[in-house]
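What follows is a short report on a single structure.
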Amino acid sequence: MTSRGSPSRFLTSVLHNGVGRYVRQLQRLQLLFSPTAADARGARQFVEEVAVDFARQHPDVVLYVRPCFNPTPVLVAEYLNGTVREEFIPSKTSEEILQLATKLAGQSGLDIIRIRKPFHTDNPSIQGQWHPLTNKPSILTVRGPRLQAQ
Numbered sequence: 001m002t003s004r005g006s007p008s009r010f011l012t013s014v015l016h017n018g019v020g021r022y023v024r025q026l027q028r029l030q031l032l033f034s035p036t037a038a039d040a041r042g043a044r045q046f047v048e049e050v051a052v053d054f055a056r057q058h059p060d061v062v063l064y065v066r067p068c069f070n071p072t073p074v075l076v077a078e079y080l081n082g083t084v085r086e087e088f089i090p091s092k093t094s095e096e097i098l099q100l101a102t103k104l105a106g107q108s109g110l111d112i113i114r115i116r117k118p119f120h121t122d123n124p125s126i127q128g129q130w131h132p133l134t135n136k137p138s139i140l141t142v143r144g145p146r147l148q149a150q
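Numbering (this note's numbering), first residue to last: 1 to 150.
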């Protein structure tokens, strides 16, 4: 936390993602809904119409559909870093659930916080900062004792 009271961090790549191939951070997506509740109509419609297409578009995400007698339908996202995020989806349409699932699939699982700087390095340069005379001959930059006129 900073003195402003809001958390912040430097810009980093999650698990060095992008150094090799891209690895989606969403590991598992669970849809828990009641097969009879009125507010789970959108979740049932999502399962009937859209779930197979979502699974084909995101083959690296495991999609579990579990009908159980929960009071409200829930979309549970589990990420590679261990973060579990629950999104309650009562009275949402299948399109809204699809947008939410796509958004969760694109996130890294980290909390959204303020970035201190848009650049950061773990190995800073030990050579010092650049200035206009950095690569010039030292005769131009070094001045010895002044010769007195005789």
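Cβ atoms here follow ideal geometry from the backbone N, Cα and C, with glycine treated the same way.
Residue i versus the options, residue with shortest Cα-Cα distance
i	options	result
isoleucine 179	Arg114, Leu110, Leu75 and Ile112	Residue 179 is absent from the structure shown; the chain starts at 1 and stops at 150.
valine 84	Arg21, Leu29 and Val14	Leu29
valine 14	Phe54, Gln57 and Gly82	Gly82
serine 94	Pro67, Asn70, Lys136 and Phe46	Phe46
Residue i - containing beta strand (DSSP E), residue span
i	result
valine 84	84-88
valine 74	74-79
leucine 32	26-33
valine 65	62-67
Rounded C-alpha distance that separates residue i from residue j
i	j	result
leucine 110	proline 132	41 Å
glutamine 107	proline 59	16 Å
glycine 128	threonine 102	45 Å
glutamate 48	serine 125	56 Å
leucine 72	tryptophan 130	The residue you asked about is not leucine; residue 72 is threonine in the sequence shown. Rounded to whole angstroms, threonine 72 to tryptophan 130 spans 60 Å at the Cα level.
arginine 44	isoleucine 112	30 Å
serine 34	phenylalanine 54	21 Å
aspartate 122	arginine 21	21 Å
leucine 32	arginine 24	22 Å
leucine 26	leucine 100	13 Å
isoleucine 70	glutamate 78	Strictly speaking, residue 70 in this sequence is asparagine, with isoleucine absent from that position. Between asparagine 70 and glutamate 78, the C-alpha separation is close to 19 Å.
glutamine 57	leucine 104	14 Å
7 Å CB neighbourhood of residue i in its chain, flanking five on each side removed
i	result
alanine 51	Leu63 and Val65
Proximal residues to residue i (C-beta, below 8 Å), its chain only, five neighbours per side dropped
i	result
phenylalanine 10	Ile115, Arg116, Lys117 and His120
Bounding residues of the alpha helix (DSSP H) (the contiguous stretch that carries residue i)
i	result
glutamate 95	94-106
phenylalanine 54	51-57
alanine 43	41-45
Nonlocal neighbours in the same chain, by C-beta distance under 6 Å from residue i, ignoring five residues either side
i	result
glutamate 86	Val74 and Val76
Interface flag, residue i vs chain B, CB-CB below 8 Å
i	result
asparagine 135	Considering every chain present, this structure includes no chain B. It has just one protein chain.
*Is it true that the stretch 31-42 meets the stretch 80-91, where meeting means three or more beta-carbon pairs spaced less than 8 Å apart?*
By the Cβ rule, the stretch 31-42 counts as touching the stretch 80-91, because three or more pairs are nearer than 8 Å.
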